[in-house]
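This report concerns only the one structure given below.
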Amino acid sequence: MVSEILQKYPRSKDYLLEILHDLQNSSPNQNISSENIVEIAKHLNITQSQVLGVIGYYSMLSNKARSKYLIRVCNSPICNMLGGEHTIEYISRKLKIELGESTPDGLFTLEECECLGNCAAAPSIMVNEKLYGNLTPELIDKILAELK
Amino acid sequence: MVKEVRIALRNSGKINPESIDEYINADGYQALRKALRSTPSGIYDEIIDSGLRGRGGAGFPTGTKEKTTALICADCEKYVVCNADEGEPGTFKDRVIMETDPHSLVEGMIIAGFSINASYGYIYIRGEYSLSISRVQKAIDQAREKKFLGENILGSGYSFDIEIRRGAGSYLCGEELTLLESLEGKRGYPRIKPPYPAERGLWGKPTLINNVETLANFAPIILNGAVWYRSIGTEKSPGTKIFTVSGDVNNPGYYETPTGLTLRELIFDFGGGIKNGRTFKAALLGGAAGTFASAQLLDVQMGYDKLKEHGLTLGSGAVIVMDETRDLVKSLETIMKFFKHESCGKCIPCRLGTAQIYQSICGFSEIPVQKREDFFKSILKQADLMAKTSLCPLGQSPILPLRSIWQNFSDELLTLK
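Chains as they are written, first to last, in the numbering used here: chain A, 1 to 148; chain B, 149 to 565.
Have a look at this one:
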């Protein structure tokens, strides 16, 4: 899998973010593992710390293992005003995890993120690549139930 | 009542965004054909004459930037970069363009490329916009199939191609020079300006950077001419602007209107007025890096210069509406927390300043009423110093909401319990 993704890209450093996205999206834990970091560094002829430095900078990327479903709650001023904080509290209570934590069954990880650009339908969350807006406790229940 | 005039969003909702044939049937790629029969100077002169200004937030004259990049060297390698890293809170216009009419961006970008004789283009889209990414990718592939992209476009002798690059969750990468760092595969740290991208941009080469909405205006301007474009909107900010209205309004959404309509028209006619029968209190214009307008300013015209006269900003076109029940200090707190989180830490004034201002605002309501004025003025002084000494626009931004809230809502700040 790793080599397949790496082969898609020229050995040029500017493809680092593209490679990291692809690897993370293909990982069941939605992260970039230490082994992958070694491979990427070799492929692009850069140091492992350069790869790690880039992962550490960008909030979408992580070397830490996450879960099958990554829930990212929009924390922009708009979502916040229209109940975004309650969304975090509600999901947190329901899944019994704090921000940045994962459920023991490996199903959900809860994170917050900056404006998702879905402001006309605030508050919003993103689950993996899918966007949900106009959230209410009922809708959150429904979304989580469908994923389980 | 003012009506919507759709230029950048001309096809939005009317055609299937995944069909190039439908785009072509709606006069799509006609402007490109016309451009290729003209000359680079013919294109940038038309854009200069149109008065189009950058729609990403800064409002710099687009044609001037093109001309500078075109003339900086004759045969050197140059790039066009589209800034689609839309991250300003309350802004979602670029997403709408990319999701509903991606070819308008692709066509605009090829025309921009031709006008500066660029060899290659990159569209840097924020990683969270997955639907935009797939729609724009499809549009690029279709355009290449029809020979609008690639070698010797439509037999003109001009060759150009476009690639998408994904951002990965950094507000700062929406700043043009930081975006270039990210495009080069690095951490998003800002560069020192000057040199400007027109002189030294991507990989040190002259680079033209334009926002999605700006580029979506290119084809209509080339097709219909600068005089037509100038006949719309105000004299100093001609054309249309897409406003994204959110918060406590009945009809949140995106509205493309001629510049020069008033804030009142935007909120009450387009936005449908304040929700739940409440009254208007404030509008945050331009997102977090924006300014707070009060009810006294509802009749100000929504153009770069008119707003500036009142200490306000148009920015990206975000209008975040707050009703009478909203706590402005709480909004400021969220905004300052945002800047603190997004500060990259490269320069000290911003790294320390954003954290300290956030702390001060968090403690603001604890300050005894008689000491509030001095306290807030010291925050303003700090934000002003930060604006003067920071490397990039992030550290220069917190002063905007702080100063405008002080100008327009000091009574409330001073008496708030």
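C-beta: ideal position from N, C-alpha, C; glycine also.
All figures in this text were calculated on a predicted structure; none of them were measured in a lab.
Report the three-state DSSP secondary structure of residue i (helix, strand or coil).
i, result
"residue 58 of chain A", "coil"
"residue 208 of chain B", "coil"
"residue 65 of chain A", "coil"
"residue 470 of chain B", "strand"
"residue 130 of chain A", "strand"
"residue 515 of chain B", "coil"
"residue 273 of chain B", "strand"
"residue 203 of chain B", "coil"
"residue 163 of chain B", "coil"
"residue 282 of chain B", "helix"
"residue 464 of chain B", "coil"
Do we get a CB-CB distance below 8 Å when we pair residue i with the residues of chain B?
i, result
"residue 8 of chain A", "no"
"residue 127 of chain A", "no"
"residue 54 of chain A", "yes"
"residue 15 of chain A", "yes"
"residue 139 of chain A", "no"
"residue 116 of chain A", "yes"
"residue 78 of chain A", "yes"
"residue 43 of chain A", "no"
"residue 61 of chain A", "yes"
"residue 18 of chain A", "yes"
"residue 86 of chain A", "no"
"residue 1 of chain A", "no"
"residue 57 of chain A", "yes"
Could you tell me whether the Cβ of residue i comes closer than 8 Å to any Cβ of chain A?
i, result
"residue 266 of chain B", "no"
"residue 483 of chain B", "yes"
"residue 239 of chain B", "yes"
"residue 476 of chain B", "no"
"residue 338 of chain B", "no"
"residue 509 of chain B", "no"
"residue 468 of chain B", "yes"
"residue 441 of chain B", "no"
"residue 140 of chain B", "Since the first and last residues shown for chain B are 149 and 565, residue 140 of chain B lies out of range."
"residue 276 of chain B", "yes"
"residue 334 of chain B", "yes"
Work out the CA separation of residue j and residue i for me, nearest whole Å.
i, j, result
"residue 183 of chain B", "residue 367 of chain B", "9 Å"
"residue 546 of chain B", "residue 389 of chain B", "24 Å"
"residue 447 of chain B", "residue 458 of chain B", "11 Å"
"residue 544 of chain B", "residue 536 of chain B", "7 Å"
"residue 399 of chain B", "residue 419 of chain B", "5 Å"
"residue 315 of chain B", "residue 193 of chain B", "32 Å"
"residue 498 of chain B", "residue 318 of chain B", "16 Å"
"residue 168 of chain A", "residue 61 of chain A", "No statement about residue 168 of chain A is possible, as the shown extent of chain A runs from 1 to 148 and does not include it."
"residue 513 of chain B", "residue 475 of chain B", "11 Å"
"residue 136 of chain A", "residue 423 of chain B", "17 Å"
"residue 103 of chain A", "residue 55 of chain A", "23 Å"
"residue 342 of chain B", "residue 325 of chain B", "10 Å"
So what does residue i bridge to, in DSSP terms?
i, result
"residue 157 of chain B", "Its beta-bridge partners do not exist; DSSP assigns none."
"residue 298 of chain B", "B:308"
"residue 171 of chain B", "In DSSP, residue 171 of chain B forms no bridge with anything."
"residue 125 of chain A", "A:73, A:132"
Taking residue i as the query, report the chain D residues whose CB atoms sit under 8 Å from its CB, ordered along the chain.
i, result
"residue 392 of chain B", "The chain inventory of the structure shown lacks chain D, comprising the protein chains A and B."
request  = Go through the stretch 314-373 of chain B residue by residue and report every complete run of the beta strand (DSSP E) that reaches 3 residues or more, in order.
outcome  = Whole beta strand (DSSP E) segments, 3+ residues: 355-359.
Secondary structure, beta strand (DSSP E): runs of 3+ residues fully inside the stretch 6-42 of chain A
Secondary structure remark: continuous beta strand (DSSP E) runs of at least 3 residues inside the stretch 6-42 of chain A: none found.
Which runs of the beta strand (DSSP E) at least 3 residues long sit entirely within the stretch 380-459 of chain B? Give them in chain order. Counting only unbroken stretches of 3 or more residues, the beta strand (DSSP E) elements lying wholly within the stretch 380-459 of chain B are 388-395, 401-406, 428-433, 439-442, in sequence order.
For the stretch 64-122 of chain A, which segments carrying the alpha helix (DSSP H) assignment without a break, of at least 4 residues, lie completely within its bounds, in sequence order?
-> Within the stretch 64-122 of chain A, complete alpha helix (DSSP H) segments of at least 4 residues are found at 85-95, given in chain order.
- request: Tell me the start and end of each unbroken alpha helix (DSSP H) in the stretch 212-270 of chain B that is at least 4 residues and wholly inside, in chain order.
  value: Within the stretch 212-270 of chain B, the complete alpha helix (DSSP H) runs of at least 4 residues fall at 241-248, 250-264.
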